[in-house]
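Beneath this line is the structure, given in structure tokens, with notes to follow.
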Amino acid sequence: MRSRLVGMFAAVAAAGTTILAIPPTGASAAPVVASVQAAPVKAAATKSAKSKYLRTSLSFRCRSACWVRVRIKSTTRYYLTSVSLRARFYVNGHYMGTCRDWVGTLRPYRVKYAYCSLRTSKLRNYRDRWDSHDINRWNSEVRTVTYYRV
């Protein structure tokens, strides 16, 4: 019995790399062959997991100091640990600085907030130029990244 199961699992594992699908339209249609390859675990965690487990919304303001508040909502039944936030601030396309905040553990389907503020000499000098009318626009932007472990 055990050798039959091992043989069956070996056959399934060998056949798992290629899928053969024949459309139901008849003999005139050619079979479609698709290759299935397992993606590395690290790549899958960085690309699809972030949008799958979290939803974020943010509000921010940049004057003489910048602050950001990010609402982080868990959309999974799993505990998310080591949740942290990184925010990069830009004014008129110029990088002003980065701030980070540690959120901690996020329970399933719950909401937590992350706050951080930024006060740098580069931002202060840019604001002084704005106040003295050396620059004529103030378009502030923030880019946030949320990190976590499942």
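FYI, in the numbering used here the residues of the sequence shown are 85 to 234. We treat Cβ as the ideally placed atom computed from N, Cα and C, and that holds for glycine.
query                                                                                                          : result
Coil, strand or helix - Arg-227 by DSSP                                                                        : strand
Outcome for Ala-149 when other beta-carbon atoms lying within 10 angstroms are tallied against a minimum of 16 : exposed
For Val-175 and Leu-169, the rounded distance between their alpha carbons                                      : 20 Å
Candidates Ser-143, Val-234, Ser-216, His-217: closest to Phe-173 by CA position                               : Ser-143
Nearest candidate by alpha-carbon position, reference Val-152, set Thr-228, Arg-233, Tyr-232, Val-234          : Thr-228
Nearest-angstrom Cα separation, counted from Lys-196 out to Leu-207                                            : 28 Å
Span separating the alpha-carbon of Ala-180 from that of Trp-186                                               : According to the sequence as given, residue 180 is Met; it is not Ala. Approximately 21 Å, taken between the alpha carbons.
Euclidean distance between Cα positions of Thr-204 and Arg-145                                                 : 15 Å
Alpha-carbon spacing of Lys-136 relative to Cys-183, whole angstroms                                           : 25 Å
For Arg-233 and Arg-161, the rounded distance between their alpha carbons                                      : 13 Å
Bridge partners - Val-167, DSSP secondary structure assignment                                                 : Gly-188
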